[in-house]
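All residue numbers in the sequence shown are consecutive under this note's numbering, ending with 365.
All C-beta atoms in this analysis are idealised placements derived from N, C-alpha and C, irrespective of residue type, glycine included.
Since the structure is predicted, the reported quantities are computational estimates derived from the model, not experimental observations.
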Amino acid sequence: MNPLIEPTLRWFRENQRDLPWRHTKDPYHIWVSEIMLQQTRVEAVIPYYQRFLRELPTIADLAVCPEDRLLKLWEGLGYYSRVRNMQKAALVIMEHYNGRMPESGREIQALPGIGAYTTGAIASRVYGELLPAVDGNVLRVLTRLSEDDSDIAKERTKKDAIAWMTDVMQDGVSSEEAGTFNQALMELGATVCVPNGEPRCLECPWQDACGAYAHGTIDVYPVKAKAKARRIEEKTILLLQDDNRVVLRKRPSRGLLAGLYEFPWLEGYVSRKECVAFVRSLGAEPLHVEALPEAKHIFSHVEWRMKGYLVKLADAGAGCLNGGLLVPKDEIQRDYPIPAAFEKYARIVQLGIGAEEVRKQMDL
Ligand code: SF4
2 MNPLIEPTLR WFRENQRDLP WRHTKDPYHI WVSEIMLQQT RVEAVIPYYQ
52 RFLRELPTIA DLAVCPEDRL LKLWEGLGYY SRVRNMQKAA LVIMEHYNGR
102 MPESGREIQA LPGIGAYTTG AIASRVYGEL LPAVDGNVLR VLTRLSEDDS
152 DIAKERTKKD AIAWMTDVMQ DGVSSEEAGT FNQALMELGA TVCVPNGEPR
202 CLECPWQDAC GAYAHGTIDV YPVKAKAKAR RIEEKTILLL QDDNRVVLRK
252 RPSRGLLAGL YEFPWLEGYV SRKECVAFVR SLGAEPLHVE ALPEAKHIFS
302 HVEWRMKGYL VKLADAGAGC LNGGLLVPKD EIQRDYPIPA AFEKYARIVQ
352 LGIGAEEVRK QMDL
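This is how it looks when you write it as structure tokens:
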């Protein structure tokens, strides 16, 4: 691996993408970007990253941000425990480190929600620590390079890769280059040794050393055991609206999508008649009921398969229905975090969720 270090750094300097978080050495900014980038594409993260830092420019701001606002800033990124953990870590930083990110990998990794990967990404770039940052992209490149058939879903495989990269960095990477080396490996996986489709081996600085390229076994690596089948849940989503307001309810404070807001829904696929009965049970009178297209949303262990109805309500009064709130649409758009699982239905009532909406707000 050591003869590959210099070509890898050179390749990165010449080919890296221009991304907002590459222009900073602020550990808070790098932390925000790294947490957002877990499970989300770079292009989608950019507007979220800019909005988050505009609104919460310091760790102190993150520590005191009200929960609904925090979730709204994360709306559409999914895995909401990530941002809740960031806030927990921010509180620890305020209490024990005077609002400044601790300056050693050991202390950073002790913060809530920060694992070896994020620690390596921050500590190598900001403090020059020789700590690797091994994510899925890096694992893929390494297993192809070495034709390693270990299951990349196993913690052991990741630990071995971390140990390998720690040795490589300590033997052949300077402290000044530690962050660049980590970013180079991630960039190689994200843009050249790609997960879906053909890797661009002819542009790869590792081509001459790569076992999978030499033996035509690229398709074999990385090896990943098949995940367990997801549980399927069927739901009927109800878009209940009067002239300018839509009914929302708050999800429980624990479990999937805890604390976010959603449109009311019923288990299974219900008939129009059952839908009408439900609306009446809320204390409202339906004027018009229209069936909506189906939608699907995949979580890590569950898959929602949804049908829906759009229901125009007769005068629904003060705004509080049994178990639900009638909220003006502009307030929902501004203040109420709704999970991306409902995106297709939200669009039907002119509400936007996701990177496109954030881009619009940021005028990008
Ligand atoms: S040569 Fe191809 S398979 Fe090997 S690391 Fe480079 S891009 Fe990946």
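Note down, in chain order, each residue of its chain lying with its Cβ closer than 6 Å to the Cβ of residue i, except the 5 sequence neighbours on either side.
{"i": "Leu186", "result": "Val139"}
{"i": "Thr119", "result": "Glu35"}
{"i": "Val142", "result": "Leu189, Gly190 and Cys194"}
{"i": "Met307", "result": "Lys236, Ile238 and Ala296"}
How long is the line joining the alpha carbons of residue i and residue j, rounded to whole angstroms?
{"i": "Glu204", "j": "Arg11", "result": "13 Å"}
{"i": "Gly121", "j": "Glu68", "result": "28 Å"}
{"i": "Ile123", "j": "Arg107", "result": "12 Å"}
{"i": "Leu283", "j": "Arg231", "result": "32 Å"}
{"i": "Glu291", "j": "Phe343", "result": "17 Å"}
{"i": "Ile47", "j": "Glu286", "result": "43 Å"}
{"i": "Gly1", "j": "Gln39", "result": "This structure leaves residue 1 out entirely; the chain is present only between 2 and 365."}
{"i": "Pro58", "j": "Trp75", "result": "15 Å"}
{"i": "Val65", "j": "Arg55", "result": "15 Å"}
{"i": "Asn16", "j": "Asp364", "result": "28 Å"}
{"i": "Leu352", "j": "Val247", "result": "10 Å"}
{"i": "Pro340", "j": "Ala259", "result": "10 Å"}
{"i": "Asp331", "j": "Glu177", "result": "48 Å"}
{"i": "Pro338", "j": "Leu327", "result": "15 Å"}
{"i": "Asp62", "j": "Glu263", "result": "27 Å"}
{"i": "Ala226", "j": "Asn197", "result": "17 Å"}
Residues in the same chain with beta-carbon distance under 7 Å from residue i, minus the five sequence neighbours each way, listed in chain order, please.
{"i": "Leu266", "result": "The amino acid at residue 266 is misidentified as Leu; the sequence shows Trp. For Trp266, where only same-chain residues beyond five positions count, the Cβ hits under 7 Å are Lys236, Thr237, Ile238 and Leu239."}
{"i": "Ala90", "result": "Leu112, Pro113, Gly114 and Ile115"}
{"i": "Pro133", "result": "Gly121, Ile163, Met166, Thr167, Met170 and Asn183"}
{"i": "Ala200", "result": "Here residue 200 is Pro; the residue named in the question, Ala, does not match the sequence. Val193, Cys194 and Ile219."}
{"i": "Phe53", "result": "Val33 and Leu74"}
Taking the CB atoms as reference points, tell me whether residue i and residue j lie closer together than 9 Å.
{"i": "Ile153", "j": "Lys159", "result": "yes"}
{"i": "Tyr222", "j": "Arg145", "result": "yes"}
{"i": "Leu71", "j": "Gln88", "result": "yes"}
{"i": "Ala261", "j": "Arg252", "result": "The amino acid at residue 261 is misidentified as Ala; the sequence shows Leu. Cβ atoms of Leu261 and Arg252: closer than 9 Å."}
{"i": "Val359", "j": "Tyr29", "result": "no"}
{"i": "Pro8", "j": "Trp305", "result": "no"}
{"i": "Leu311", "j": "Ile349", "result": "yes"}
{"i": "Val280", "j": "Leu241", "result": "yes"}
Check whether the Cβ of residue i lies closer than 8 Å to any heavy atom of the ligand SF4, and answer yes or no.
{"i": "Val135", "result": "no"}
{"i": "Gln208", "result": "yes"}
{"i": "Ile219", "result": "yes"}
{"i": "Leu10", "result": "no"}
{"i": "Val169", "result": "no"}
{"i": "Val224", "result": "no"}
{"i": "Cys276", "result": "no"}
{"i": "Tyr262", "result": "no"}
{"i": "Ala49", "result": "The residue you asked about is not Ala; residue 49 is Tyr in the sequence shown. Not under cutoff, so the answer is no."}
{"i": "Ala213", "result": "yes"}
{"i": "Val142", "result": "yes"}
{"i": "Arg145", "result": "yes"}
{"i": "Leu186", "result": "no"}
What does a CB cutoff of less than 8 Å around residue i pick up in its chain, not counting 5 residues either side in sequence?
{"i": "Arg101", "result": "Ile60 and Ile94"}
At a Cβ threshold of 9 Å, is residue i touching chain D?
{"i": "Arg126", "result": "Absent here is chain D; the protein component of the structure consists of one chain."}
Could you tell me which uninterrupted beta strand (DSSP E) segments, each at least 3 residues in length, are contained entirely in the segment 226-299, listed from first to last along the chain?
The segment 226-299 contains these whole beta strand (DSSP E) runs: 232-242, 246-251, 266-268 and 287-299.
Runs of 4 residues minimum, wholly inside the segment 190-219: which ones carry the alpha helix (DSSP H) assignment?
As far as the segment 190-219 is concerned, its whole alpha helix (DSSP H) runs of at least 4 residues are 212-216.
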